[in-house]
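Visitor: Here the sequence shown stands for residues 155 to 483, numbered as in this note's numbering.
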Amino acid sequence: MKKVLLISSANPYPVVTNGCERLVLDYQRTVFSDYDLHFVATEPGTWAPVAWFHDESICRPCNLDRLLEVDFAFAFFVGFRSNDFSLRVATRVPSFCLTDTHPHPDIPDGVFRGILSHRISMPREDILLCAGSYNSEIFQKNRTGDELILSVGRIHPDKNQLELVNGYRKRIYDRFGLPLYLVGGINDKMYYEKLRPFIDHVSVGSTIEDGRPEVENWRSPVEIAALMNRARFFVSASPKESFGIAIAEALACGTTCVLNGDFWGFDPQDLGPYVFGNIAGKHGSILDVLEEALKVDARLDGSDWVKKYSIWRAAECQIEFVERRLAER
Numbered sequence: 155m156k157k158v159l160l161i162s163s164a165n166p167y168p169v170v171t172n173g174c175e176r177l178v179l180d181y182q183r184t185v186f187s188d189y190d191l192h193f194v195a196t197e198p199g200t201w202a203p204v205a206w207f208h209d210e211s212i213c214r215p216c217n218l219d220r221l222l223e224v225d226f227a228f229a230f231f232v233g234f235r236s237n238d239f240s241l242r243v244a245t246r247v248p249s250f251c252l253t254d255t256h257p258h259p260d261i262p263d264g265v266f267r268g269i270l271s272h273r274i275s276m277p278r279e280d281i282l283l284c285a286g287s288y289n290s291e292i293f294q295k296n297r298t299g300d301e302l303i304l305s306v307g308r309i310h311p312d313k314n315q316l317e318l319v320n321g322y323r324k325r326i327y328d329r330f331g332l333p334l335y336l337v338g339g340i341n342d343k344m345y346y347e348k349l350r351p352f353i354d355h356v357s358v359g360s361t362i363e364d365g366r367p368e369v370e371n372w373r374s375p376v377e378i379a380a381l382m383n384r385a386r387f388f389v390s391a392s393p394k395e396s397f398g399i400a401i402a403e404a405l406a407c408g409t410t411c412v413l414n415g416d417f418w419g420f421d422p423q424d425l426g427p428y429v430f431g432n433i434a435g436k437h438g439s440i441l442d443v444l445e446e447a448l449k450v451d452a453r454l455d456g457s458d459w460v461k462k463y464s465i466w467r468a469a470e471c472q473i474e475f476v477e478r479r480l481a482e483r
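#1: What does a CB cutoff of less than 6 Å around residue 414 pick up in its chain, not counting 5 residues either side in sequence?
#2: Grab me the residues of residue 426's own chain with a C-beta within less than 8 Å of its C-beta, minus the 5 sequence neighbours each way, in chain order.
#3: Using the three-state DSSP reduction, which class does residue 269 fall into: helix, strand or coil?
#4: Beta carbon of residue 227, beta carbon of residue 157: below 8 Å?
#5: Looking at C-beta atoms only, is the number of pairs between the stretch 341 to 350 and the stretch 370 to 380 that lie closer than 8 Å three or more?
#6: For residue 172, does the three-state DSSP call read helix, strand or coil?
#7: Expressed to the nearest angstrom, what Euclidean distance is found between the alpha-carbon atoms of residue 197 and residue 203?
#8: Please say whether residue 314 and residue 392 have beta carbons closer to each other than 8 Å?
#9: If you compare alpha carbons, which of 258, 470, 221, 233 is closest to residue 242?
#10: Do you know offhand how far residue 454's Cα is from residue 307's?
#11: Give me whichever residues DSSP pairs with residue 206 in a beta bridge.
#12: Taking DSSP as the reference, what is the three-state secondary structure of residue 371?
#13: Is residue 144 helix, strand or coil by DSSP?
#14: Would residue 464 and residue 408 be called neighbours here (beta carbons separated by less than 8 Å)?
#15: When we look at the beta-carbon of residue 192 and count the other beta-carbons within 10 Å, is it buried (16 or more) or exposed?
#16: Under the three-state reduction of DSSP, which class applies to residue 299: helix, strand or coil?
#17: Find the nearest neighbour of residue 162 within the set 304, 266, 279, 240, judged by alpha-carbon distance.
#18: Just list the residues that DSSP pairs residue 411 with in beta bridges.
#19: For chain D, find out if any of its Cβ atoms is closer than 8 Å to the Cβ of residue 456; answer yes or no.
#20: Going by DSSP, name the residue or residues bridged to residue 355.
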């Protein structure tokens, strides 16, 4: 069995805490399921190697010389940051990189056999234009109610939850009786402190419990899928997303998605009929859009349409690209 090295600063161990970590785990369990996979977790920001995992259970300190003694068929970077470690790996092992857009300031030219990207400025034979993906084995339509409004994402200014909760009780809960439930964990403590006064556990609830370890504030994909199937709406307050894995997951559950931003990882004309709101740029506030969705009783089901973003379909396309680029040299 061919050995493959996966490298990312998004580390899904001990638990998945954001969409990128979920993506890394999906790559291990689906895209590279036919390979003997090794995973190196790097430090966010510096990309210094932190730990070396094998079979998702064997963790050891990452010694670069010992790592390079392994006969890897290729290395696959989810994201990239130039340093001694990543450049030595990329120059010694045939390497590929997944990035949200290309060109990208962190991605040097002439290093990779191939680049996979959600958005490219010019087509090239060594670049695969590919969308994001979601785990279709977990996220499936099994509607059980319309009892809440759900938002999933790390608590961070990029996700813009403060705009969603500020005024939610008066404008949404008091009028329509639907509580908001925030699923995620604290990625920015100062931002969470601004958000915290609005979490009253009546109109706005949250998985975050003060005093508990941060990793316990997250929920598993199975738990999130169950919540999505209970939700009247899935709402994203993000002003922009390269793809938005949680959006694809909500669509797969048949949940009506309310958006107000630039979701450039999707083709707007393709996505537009299956979501409510703005997908090519932010207009007004997310509460404006959510209120309108409730007034018109918007009900949109994208569960069949979104299947083309299944991780299994993505795996076929991406593995074919990798194997073809390896064979060309």
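Just so you know, even glycine gets a beta-carbon here, dropped at the ideal spot from N, CA and C. Quantities reported herein were computed from a predicted structural model and do not represent experimental measurements.
Guide: Checking against the coordinates, here is how it stands:
#1: 431, 432, 436, 440, 443
#2: 433
#3: strand
#4: yes
#5: no
#6: coil
#7: 6 Å
#8: yes
#9: 221
#10: 22 Å
#11: 194, 214
#12: helix
#13: For the chain, the structure presents residues 155 to 483; residue 144 sits outside this window and is missing.
#14: no
#15: buried
#16: coil
#17: 240
#18: 388
#19: Considering every chain present, this structure includes no chain D. It has just one protein chain.
#20: Residue 355 pairs with nothing; no bridge assigned.
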